[in-house]
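Chains W and G, in that order, give the protein sequences.
Residues in the first sequence are numbered consecutively from 599, following this note's numbering.
Residues in the second sequence are numbered consecutively from 4, following this note's numbering.
For every residue, glycine included, the Cβ atom is placed at its ideal position computed from N, Cα and C.
Since the structure comes first, as structure tokens, the remarks are kept for the end.
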Amino acid sequence: DTGVSQDPRHKITKRGQNVTFRCDPISEHNRLYWYRQTLGQGPEFLTYFQNEAQLEKSRLLSDRFSAERPKGSFSTLEIQRTEQGDSAMYLCASSKDGGSTDTQYFGPGTRLTVL
Amino acid sequence: AQTVTQSQPEMSVQEAETVTLSCTYDTSENNYYLFWYKQPPSRQMILVIRQEAYKQQNATENRFSVNFQKAAKSFSLKISDSQLGDTAMYFCAFMKQGGDDMRFGAGTRLTVKP
């Protein structure tokens, strides 16, 4: 059994460029979450999917951010026209609907640096 | 809105001793879950322990135990027999029943000293 995986682990980009991150959840998990974590802070919720449906989005998710989960398996998070303030760790988590306490299991994260 | 507060930004403990990390939260929900996650330096976040709000009995996992006080909205983590590998950021988190977004505290950086 593999855990949640994320790719890439690190991304350095120039301001104004677009970036896309991928998350592969634990195989039987139907819920998938995206969080953002800045240095020294706890993760902040961005959005979540149940299967392929995006059910909730935080106000942190500006119109430059878009997330998809087209087949209810892996998910992508795209940031368009990146800004220096987007520099953070982007975490993905998954859980099983109806599972024990809906516990979320986290991936290793993608660290984004915008120059 | 739910908020989670961890009032201890940093703590340290000697190896083999016991340490308690504090967490308080604010919610109007009656059914919810509380979690402690551990994030070692440059490594991914892993679940330490979880507590269902409807359970009066405090959760325990080996050397880790919680003191859940629902009326006081307090959820502290006790680590017994601290080990060097316990050095990490510890995050307290709240999630209402139904499994949508989880709210995290700002974290407590724990250092276990040899």
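Using alpha carbons as the reference points, say which of the options lies closest to residue i.
i: residue 631 (chain W); options: W:660, W:677, W:673, W:617; result: W:673
i: residue 662 (chain W); options: W:705, W:702, W:678; result: W:678
i: residue 12 (chain G); options: G:96, G:98, G:109, G:90; result: G:109
i: residue 64 (chain G); options: G:53, G:74, G:58; result: G:53
i: residue 664 (chain W); options: W:687, W:645, W:649; result: W:645
i: residue 5 (chain G); options: G:62, G:98, G:116; result: G:98
i: residue 612 (chain W); options: W:690, W:683, W:704; result: W:683
i: residue 602 (chain W); options: W:713, W:635, W:651, W:704; result: W:704
i: residue 38 (chain G); options: G:79, G:75, G:66, G:83; result: G:79
i: residue 66 (chain G); options: G:81, G:56, G:31; result: G:81
i: residue 40 (chain G); options: G:89, G:103, G:74; result: G:89
i: residue 69 (chain G); options: G:84, G:51, G:85, G:57; result: G:51
Roughly how many whole angstroms lie between the Cα atoms of residue i and residue j?
i: residue 658 (chain W); j: residue 48 (chain G); result: 21 Å
i: residue 707 (chain W); j: residue 112 (chain G); result: 19 Å
i: residue 26 (chain G); j: residue 19 (chain G); result: 23 Å
i: residue 9 (chain G); j: residue 77 (chain G); result: 10 Å
i: residue 93 (chain G); j: residue 608 (chain W); result: 23 Å
Which stretch, first to last residue, makes up the beta strand (DSSP E) that contains residue i?
i: residue 69 (chain G); result: 67 to 72
i: residue 608 (chain W); result: 608 to 611
i: residue 24 (chain G); result: 22 to 24
i: residue 635 (chain W); result: 629 to 635
i: residue 116 (chain G); result: 111 to 116
i: residue 602 (chain W); result: Premise fails: residue 602 (chain W) is in no beta strand (DSSP E) and is neither H nor E.
Check whether the Cβ of residue i lies closer than 8 Å to any Cβ atom in chain C.
i: residue 109 (chain G); result: No chain C is part of this structure, whose protein chains are labelled W and G.
Please give me, in chain order, every unbroken run of the beta strand (DSSP E) with length at least 3 that falls completely inside the region 637 to 685 of chain W. If you keep only unbroken beta strand (DSSP E) runs of at least 3 residues inside the region 637 to 685 of chain W, you get 642 to 648, 651 to 655, 663 to 666, 673 to 677.
Given a limit of 9 Å on CB to CB distance, which residues of the region 632 to 648 of chain W reach chain G? 633, 635, 638, 639, 640, 641, 642, 643, 644, 645, 646, 648
Using a Cβ-Cβ cut-off of less than 9 Å, give me the residues of the region 71 to 104 of chain G that come near chain W, in sequence order. 92, 94, 95, 96, 98, 100, 101, 102, 103, 104
Residue ranges of each alpha helix (DSSP H) run of no fewer than 4 residues wholly in the region 35 to 100 of chain G, ordered along the chain? none
What residues from the region 608 to 630 of chain W come within 7 Å of chain G, judged by C-beta to C-beta, listed N to C? 629
Chain-ordered residues of the region 41 to 57 of chain G with a beta carbon less than 9 Å from chain W: Listed by position, the residues of the region 41 to 57 of chain G near chain W (Cβ gap below 9 Å) are 42, 46, 47, 48, 49, 50, 53, 54, 55.
Give, in chain order, every residue of the region 678 to 690 of chain W whose Cβ lies closer than 9 Å to some Cβ of chain G. 689
For the region 661 to 678 of chain W, which residues have a CB atom closer than 9 Å to at least one CB atom of chain G, in sequence order? Answer in chain order: no residues at all.
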